[in-house]
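First residue of the sequence shown: 272, per this note's numbering; consecutive thereafter. Every residue gets a Cβ at the ideal spot worked out from N, C-alpha and C, and that includes glycine. Predicted model only: the values in this text are computed from it and were never measured. Note sheet for the following structure.
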Amino acid sequence: MLKTCCELMQKAYQLNWITSRDGNISVRNRDREHFWITPSGIRKPMLDPDMWKKVSIYKDYEKFLVMEHTALSSNLEPSGETPLHYGIQKNISGDCSRVVVHLHPTYTVAALHKGIELDKLVLQFPELGRYTKVGKSVPDVPPISQELADRCHENLGLKSDGSLECDIVGIKGHGVVSIAETPWEAFEHIERLEHICKIVLVGGV
């Protein structure tokens with residue numbers, strides 16, 4: 272699955288949803304006591320499975336441990352957004368995998384900047400809500416912070432058992448966080464929301 276995640280980040284770069292060093296993604300299999308996350312600052316068009324960081328899962332974030340993976344990854348640091356991913360990956364409900372994707376899709380970020388409430392778009396575009404549950408947007412909070420992680424967890428409706436009420440939330444001035452069982456399902460949540468935001472901004476809906 273790491274190879275697929277690398278392809279997803281390359282696709283996001285091609286779509287101008289991120290610049291070369293932006294964005295991050297993590298993946299966890301239900302039966303594993305660790306998850307994988309992209310390294311900090313690496314150029315996403317060059318992302319390779321051997322670069323990923325392996326993070327052990329403990330009850331408290333402060334106790335998380337970055338494990339050895341490869342000689343290449345040992346020289347890299349995990350994404351600065353690890354607290355965001357850790358909280359979502361720590362508990363998974365059901366027998367499944369979980370992929371968490373953080374990108375900066377252009378029209379979605381622009382819509383957030385204009386003050387458009389992404390979770391209200393489903394009222395105008397019901398096809399959005401058919402497949403994607405959009406949570407209330409997170410206000411402008413510092414990136415790479417525990418505050419950002421906590422607000423995202425809250426607005427995604429993250430429960431103690433790891434279940435989620437929403438698939439995606441926007442972060443004002445920053446981007447989106449999308450969660451699904453597979454990489455491309457998480458990508459599709461972002462793509463679907465980005466498409467609607469483009470219609471709204473271009474069409475003045």
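Going by beta-carbon coordinates alone, are residue i and residue j separated by less than 8 Å?
i      : j      : result
Ile296 : Val393 : no
Lys315 : Ile289 : yes
Ile415 : Gly358 : no
Asp438 : His460 : yes
Leu427 : Val440 : yes
Arg301 : Ile363 : yes
Ser478 : Asp321 : Since the first residue of the chain shown is 272 and the last is 476, residue 478 is not available in this structure.
Met317 : Gly294 : no
Lys469 : Tyr402 : no
Glu452 : Ser368 : yes
Tell me, please, whether the CB atom of residue i is closer than 8 Å to any CB atom in chain B?
i      : result
Val380 : Of the protein chains in this structure there is only one, and it is not chain B.
Specify the secondary structure class of residue i as computed by DSSP and reduced to three states.
i      : result
Lys324 : strand
Trp288 : coil
Leu472 : helix
Ser449 : strand
Leu374 : strand
Ser297 : strand
Ile363 : coil
Ile308 : strand
Can you round the beta-carbon distance between residue i and residue j to whole angstroms, since I take them to be within the 8 Å contact cut?
i      : j      : result
Pro410 : Lys443 : 6 Å
Leu383 : Leu464 : Incorrect: roughly 11 Å between the Cβ atoms, too far for contact.
Ser327 : His305 : 5 Å
Leu347 : Pro310 : 4 Å
Gln285 : Pro354 : The Cβ separation is near 28 Å, so there is no contact.
In or out: residue i buried (at least 16 other Cβ within 10 Å) or exposed?
i      : result
His373 : buried
Arg299 : buried
His375 : buried
Ala342 : exposed
Val473 : exposed
Ser291 : exposed
Pro397 : exposed
Within the stretch 384 to 441, note down every full alpha helix (DSSP H) run reaching 4 residues or more, in order along the chain. 392 to 395, 397 to 402, 417 to 426
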